[in-house]
Amino acid sequence: EAEVESLVQATMPPQASVAVTRPMEEFHEAILAREFVGRLFVLFALIGCGLAAVGLYCLLAFVVAQRRREFAVRIALGATRRQVTRSVLRDGAVMVLTGTAIGAFVAMWLARALDAMLYSVFYTDAVSLIVAEVVLVAVALVACVVPARRAAKSEPVEMLRAA
């Protein structure tokens, strides 16, 4: 390698500089750049997933707070706490499934733009899309559990007196 570099340097003008590298070194550098971009995407995905979970939790907590009289009346009229929990979880699930369905459509539509950045993964990879959807739905439903439990634990008499 040093011999090749000295031979090339001898034939070049004095102001020019030449660096001789092996093809595998260039390939390795290209792979490292793609790995870095991939890790950035994973980091941004985790941040986005966390923000989505916090946003969904806040939204459902607000909805539960607004509907606490309704839940109190339902419990007073004989609804079980399990039914109230299911009602809140159903509302959260409808929001999550609607959002992920729209997100999957947009992801498939915009995936062609990311095709050049994907390494050994096709942009139409159904398994990756399904895994991402399942993870998002699981995180979102976990974020729905706390407001659902809060709604189920509300005491009807206290809620109706407070309102």
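My numbering numbers the first residue of the sequence shown as 1443 and each following residue consecutively.
In this text, a Cβ means the ideal position worked out from N, Cα and C, and glycines have one as well.
Q.
Is the beta carbon of P1589 closer than 8 Å to that of I1517?
A. Here residue 1517 refers to the residue found at position 75 of the sequence shown. Here residue 1589 refers to the residue found at position 147 of the sequence shown. No, the pair does not count as a contact, with Cβ atoms beyond the cut-off.
Q. By Cβ distance, which residues of its chain are closer than 8 Å to L1539, with the 5 residues on each side in sequence left out?
A. Residue numbering aside, residue 1539 sits at position 97 when the sequence shown is read from its first letter. Excluding sequence neighbours, L1539 sits near V1579.
Q: For V1526, collect the residues of the same chain with a Cβ closer than 7 Å to its Cβ; drop the 5 residues on either side in sequence, then sort them by chain order.
A: Start at 1 with the first residue of the sequence shown, and residue 1526 comes out as number 84. Answer for V1526: F1513, R1516, I1517, A1593 and A1594, listed in chain order.
Q.
How far does the alpha helix (DSSP H) with M1601 in it extend, from its first residue to its last?
A. Stepping through the sequence shown from its first residue, residue 1601 is reached at position 159. Taken as a continuous stretch (DSSP letters only), the alpha helix (DSSP H) holding M1601 covers P1598 to A1604.
**Q.** CA nearest to the CA of V1505, picked from E1575, M1537 and R1464
**A.** Translated into positions along the sequence shown, residue 1505 becomes position 63. Taking only the C-alpha atoms, the option nearest V1505 is M1537.
Q. How long is the line joining the alpha carbons of I1572 and V1581, rounded to whole angstroms?
A. By 1-based counting over the sequence shown, the position of residue 1572 is 130. By 1-based counting over the sequence shown, the position of residue 1581 is 139. The alpha-carbon atoms of I1572 and V1581 are separated by roughly 14 Å.
Q. Between A1585 and the rest of its own chain, which residues show a CB-CB distance below 6 Å, the 5 nearest in sequence each way excluded?
A. Residue numbering aside, residue 1585 sits at position 143 when the sequence shown is read from its first letter. Counting only Cβ-Cβ distances below 6 Å, and skipping sequence neighbours, we find A1495, L1498 and Y1499.
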